[in-house]
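Using our numbering, the letters of the sequence shown map in sequence onto residues 1 to 242.
Note that beta-carbon positions come from the ideal geometry of N, C-alpha and C, so glycine has one too.
All figures in this text were calculated on a predicted structure; none of them were measured in a lab.
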Amino acid sequence: MKIKGFNLLLTALCMSGIMSCGVASCGDDPETPTWKGIKSPDNTKVTGTVSGDFDIDNPQPGSMATVTLSAFPGSQSSFQDLQSQIGGTPVGAAVLPLVGMEVYYQRGSRIGLECIRSSCTESTFTDRLQQRLLDMYKSTDANYFRPYQVAAFLKDATPENGYNPTRPYTFELTYKSKEEAQLLGGTVYTFRLKYSGSESSKDVQIQVVRPNGQPYFIASSWSSCYVYVKQIAYGQTFNGLD
């Protein structure tokens, strides 16, 4: 009876541990990898540039902008450095949650979630987001697994070419509008980010704001970025992002 009771207790504890690690994704960092291909942190500096005709002092609907990355960050430190380069602009801040998602996939949930959290409002850092990331990047079911989710938002990446973009990596955005948001404590800028992951839409909406007293803009609405993109075409291979 003691052995049986101990086994029942152990089973209950294990089940509790599994449940508590669900959204948090325990033990999936480089030291204890649980999915194939995870890389150790790399603090190599990443260069980010923002260009185009979007002018924050006189924003015109329809103006275009691009964010170009030399690579994707390999650590939280590298991500923070990139944020210091482009996060002071609405355009650069609009793509940083996606950059954080790629860090999540390549370097593990602990690092990735911290990067994402720092690039969006707390109200958008939801359990739904975290569960979707688990499904998208760790599922063994091909219907959910999307290692190329972020690649679908990069220039020249399509399902037909396996979502393999050209280098340097480029995000293309169109400015739509702005409005004052007292609840968020600043001006909200709305952009459409071009992508190739849908049959029905060629872009997704992202909104950013710089709360009063904060150094960077952060995303205040970006849930369309983690809607599953189309699967790659038959016979194609996604080569990964650097």
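In this structure, DSSP gives residue 131 a helical state, which the three-state scheme calls helix. A straight line joining the alpha-carbon of residue 54 with that of residue 64 spans about 6 angstroms. Non-local beta-carbon contacts of residue 238 in its own chain, meaning distances under 8 angstroms to residues more than five positions away in sequence, involve 147, 148, 151, 162, 163, 164, 232 in chain order. Proximity to residue 169 across 207, 127, 98 peaks at 98, based on C-alpha coordinates.
Of the candidates 48, 105, 60, the residue whose Cα lies closest to the Cα of residue 80 is 48.
Nearest Cα to residue 158 within the set 234, 62, 175: 234. Measuring C-alpha to C-alpha distances from residue 39 to each of 230, 74, 199 identifies 74 as the nearest. DSSP, read as helix, strand or coil, puts residue 138 in helix. In the three-state scheme derived from DSSP, where H, G and I count as helix and E and B as strand, residue 171 is classed as strand. Scanning its chain for C-beta atoms nearer than 6 angstroms, with the 5 sequence neighbours on each side dropped, one finds around residue 189 the residues 90, 178, 208, in chain order. By the neighbour-count criterion, in which a residue is buried when 16 or more other Cβ atoms sit within 10 angstroms of its Cβ, residue 142 is exposed. Burial is judged here by how many other beta carbons sit within 10 angstroms of a residue's own beta carbon; residue 132 has at least 16 and is buried.
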